[in-house]
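*Asks:* Please see the structure below; I have some questions.
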Amino acid sequence: MSAAPAIRLDGVSLAFGGRPILDRLDLDVAAHGITALIGPNGAGKSVTLRVIDGLLRPDTGTVRLTPGRRAFVFQRPALVRASAAANVALGLVSLKLSRRESVERIAAALARVGLSERAKDAATRFSGGEQQRLALARAWAMRPDLLLLDEPTASLDPAATETIESLITEMARAGTTVLLVSHNLGQVARLADETVVLTAGRAVERGPTRSVLFSPRTPEARAYLTGELPWTSFAAAS
Numbered sequence: 077m078s079a080a081p082a083i084r085l086d087g088v089s090l091a092f093g094g095r096p097i098l099d100r101l102d103l104d105v106a107a108h109g110i111t112a113l114i115g116p117n118g119a120g121k122s123v124t125l126r127v128i129d130g131l132l133r134p135d136t137g138t139v140r141l142t143p144g145r146r147a148f149v150f151q152r153p154a155l156v157r158a159s160a161a162a163n164v165a166l167g168l169v170s171l172k173l174s175r176r177e178s179v180e181r182i183a184a185a186l187a188r189v190g191l192s193e194r195a196k197d198a199a200t201r202f203s204g205g206e207q208q209r210l211a212l213a214r215a216w217a218m219r220p221d222l223l224l225l226d227e228p229t230a231s232l233d234p235a236a237t238e239t240i241e242s243l244i245t246e247m248a249r250a251g252t253t254v255l256l257v258s259h260n261l262g263q264v265a266r267l268a269d270e271t272v273v274l275t276a277g278r279a280v281e282r283g284p285t286r287s288v289l290f291s292p293r294t295p296e297a298r299a300y301l302t303g304e305l306p307w308t309s310f311a312a313a314s
């Protein structure tokens with residue numbers, strides 16, 4: 077008997093100003109491992125993450141999540157006007173850790189993303205790439221059961237991207253369920269166990285990542301992937 081999904085969306089619909097964004101979306105995300113959500117611009121990928129996190133309420137349908145801690149890393153990092161260490165600490169408030177454990181987690185998180193020497197610097201003065209690394213550090217320190225990622229490396233150089241991808245893989249291996257939105261199909265191939273193709277607010281295909289990317293079954297998935305191939309960044313992951 078297969079394990080219950082960590083995330084289940086049944087018939088979820090959402091419209092903005094009368095324009096459908098999600099259209100009776102059915103989506104199961106397996107517990108543990110990394111699931112990628114891909115598709116063309118406007119397919120509803122980022123909106124799906126926000127619905128899962130409770131930031132948006134669907135017009136119809138149900139959203140079921142396995143109870144536990146969750147963290148959301150946005151494409152544009154959500155940071156406060158405070159030091160890097162304080163931003164990581166913000167993610168730990170609800171965990172009610174001892175001061176010692178909080179300090180240890182903050183230090184370890186900043187070290188993990190190469191920002192130890194900037195612990196006292198204002199996060200708002202960081203570059204876009206540094207801010208994204210800081211946002212991932214905060215999520216890592218929380219040790220979430222569910223991690224939602226919206227284009228987490230879009231603004232990063234190759235070295236920083238490698239660091240973040242390693243961190244995501246590490247968290248998944250430690251038991252975190254990861255749902256990743258990415259336009260970088262090479263990244264999807266490197267990281268994701270399963271991939272879901274979203275088009276016009278509906279999941280048109282899902283399965284093991286290699287099968288979806290190389291042998292899509294549905295016309296919608298084939299049309300999207302044909303437009304994306306060949307991927308220069310994908311060859312190294314093959």
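Once you know that position 8 of the sequence shown is 84 in my numbering, the rest is easy, because the numbers rise by one and skip nothing.
For each residue, glycine too, the CB sits at the ideal point set by N, CA and C.
Just so it is clear, the structure is predicted and the values come from calculations on it, not from any experiment.
Considering Cα atoms alone, identify which of 183, 296, 261 and 207 is closest to residue 151.
*Replies:* Taking the sequence shown and counting its residues from 1, the one referred to as residue 151 is at position 75. Residue 207 is the option with its Cα nearest to residue 151.
*Asks:* Name the DSSP bridge partner or partners of residue 149?
*Replies:* Start at 1 with the first residue of the sequence shown, and residue 149 comes out as number 73. In the DSSP output, where bridge partners are listed per residue, residue 149 has 225.
*Asks:* So what does DSSP say about residue 292, is it helix, strand or coil?
*Replies:* Within the sequence shown, the letter at position 216 stands for residue 292. Coil, per DSSP.
*Asks:* On the criterion of 16 or more Cβ atoms from any shown chain inside 10 Å, does residue 122 qualify as buried, or is it exposed?
*Replies:* Here residue 122 corresponds to residue number 46 of the sequence shown, with the count starting at 1. Under this definition residue 122 is a buried residue.
*Asks:* Between residue 204 and the rest of its own chain, which residues show a CB-CB distance below 6 angstroms, the 5 nearest in sequence each way excluded?
*Replies:* Counting from 1 along the sequence shown, the entry for residue 204 is found at position 128. The residues are 231.
*Asks:* When DSSP labels each residue in this structure, what does residue 127 get in the three-state scheme?
*Replies:* As a first step, residue 127 is located in the sequence shown; it is residue number 51 there, counting from the start. Of the three classes helix, strand and coil, the one that applies to residue 127 here is helix, per DSSP.
*Asks:* Which complete alpha helix (DSSP H) runs does the stretch 143-189 hold, if anything under 4 residues is left out?
*Replies:* With a minimum length of 4 residues, the continuous alpha helix (DSSP H) runs that stay inside the stretch 143-189 are 160-166 and 175-188.
*Asks:* Just to confirm the assignment: which complete beta strand (DSSP E) runs, minimum length 3, are found wholly within the stretch 196-273?
*Replies:* Complete beta strand (DSSP E) runs here, min 3: 222-226 and 253-257.
*Asks:* Straight-line CA distance for residue 227 to residue 161?
*Replies:* In the sequence shown, residue 227 corresponds to position 151, counting from 1. In the sequence shown, residue 161 corresponds to position 85, counting from 1. About 23 angstroms.
*Asks:* Determine the direct distance from the alpha carbon of residue 97 to that of residue 118, and round the result to whole angstroms.
*Replies:* As a working mapping, residue 118 is identified with position 42 in the sequence shown. As a working mapping, residue 97 is identified with position 21 in the sequence shown. About 8 angstroms.
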